[in-house]
Amino acid sequence: MRLFLKDSERRPDPVPVKTDDRRPLLVGLAVWVIATIIVLLFLRPLSDSGNGPILWTCAVGILLGLAGLIYAAKRPK
């Protein structure tokens with residue numbers, strides 16, 4: 068068993084599979100929006116217990132989801 072193969076012995080790379088990346092991005096974005104709504108409902112008790120920054124976590128999740136959607140839309144098909 069060898070660690071490296073010669074180029075002549077290698078099999079060709081498989082063809083990349085075309086996927087629709089928007090669907091999982093939308094699901095993740097929806098989960099972050101729902102989490103934000105839940106955090107907003109319980110913001111007062113969370114702030115009193117020192118867990119107020121959780122809202123920022125939800126906001127960053129939404130922003131990253133939106134950035135992912137923009138990237139997926141602009142990416143060449």
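Numbering (my numbering), first residue to last: 68 to 144.
Every residue, glycine too, gets a C-beta built ideally from N, C-alpha and C.
Computed from a prediction, not measured in an experiment: that's the story for all the values here.
Collapsed DSSP secondary structure at residue i in the structure displayed
i       : result
Asp-74  : coil
Arg-69  : coil
Lys-144 : coil
Ser-116 : coil
Val-84  : coil
For residue i, the first and last residue of its enclosing alpha helix (DSSP H)
i      : result
Gly-95 : 89-108
Integer-rounded CB distance, given that residue j should sit under 8 Å from residue i
i      : j       : result
Arg-89 : Leu-122 : At roughly 26 Å, the Cβ-Cβ gap does not stay under 8 Å, so Arg-89 and Leu-122 are not in contact.
Trp-99 : Gly-119 : Not a contact, Cβ separation roughly 17 Å.
With 16 other Cβ atoms within 10 Å as the buried cut-off, status of residue i
i       : result
Leu-92  : buried
Gly-132 : buried
Leu-96  : buried
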